[in-house]
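For reference, the structure is listed below as structure tokens.
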Amino acid sequence: MHSSVIGKIEKANRYARELDRIKFERMSLTFRGDNDSHRVRLDADGWACTCHTFGTSGDCAHILALQKVLGGMLPESAQQTFVPDAVMPAQDAVTV
Ligand SMILES: [Zn+2]
Numbered sequence: 001m002h003s004s005v006i007g008k009i010e011k012a013n014r015y016a017r018e019l020d021r022i023k024f025e026r027m028s029l030t031f032r033g034d035n036d037s038h039r040v041r042l043d044a045d046g047w048a049c050t051c052h053t054f055g056t057s058g059d060c061a062h063i064l065a066l067q068k069v070l071g072g073m074l075p076e077s078a079q080q081t082f083v084p085d086a087v088m089p090a091q092d093a094v095t096v
């Protein structure tokens with residue numbers, strides 16, 4: 001394999017371990033819940049989800065799950081959850 005390709009792969013592997021290099025500024029995705037699929041969005045206004053729970057309370061398990069998965073890759077404001085830290089351990093404390 002060409003040395004420049006090897007260099008790119010090595011750099012990509014290092015970047016993939018250094019998650020603090022990545023910051024999601026906005027995203028749009030489909031989250032398959034237990035009962036239905038929902039559209040989840042993150043932008044300058046914060047999180048939004050099309051599920052009923054978010055519509056009534058402004059938070060939901062779909063966003064909470066994304067916060068757990070993406071952790072420090074989210075902007076500081078998007079990491080704020082409605083769940084205390086003691087109940088919602090940091091991502092690196094979670095074993096999958
Ligand atoms: Zn939701």
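Residue 26 in our numbering is what sits at position 26 of the sequence shown, and the numbering runs on without skipping anything. The C-beta atom is built at its ideal place from N, Cα and C for all residues, glycine as well.
Residue i beta carbon near ligand 1 (any heavy atom closer than 7 Å)
i, result
"H38", "yes"
"H62", "yes"
"T56", "no"
"T81", "no"
"T30", "no"
Residue burial classification, residue i (beta-carbon count within 10 angstroms, cutoff 16)
i, result
"Q67", "buried"
"L29", "exposed"
"H2", "exposed"
"V40", "buried"
"H38", "buried"
Cβ-Cβ distance between residue i and residue j below 8 Å
i, j, result
"A78", "L42", "yes"
- Continuous beta strand (DSSP E) assignments of at least 3 residues falling wholly in the region 5-62: 27-32, 37-43 and 46-49
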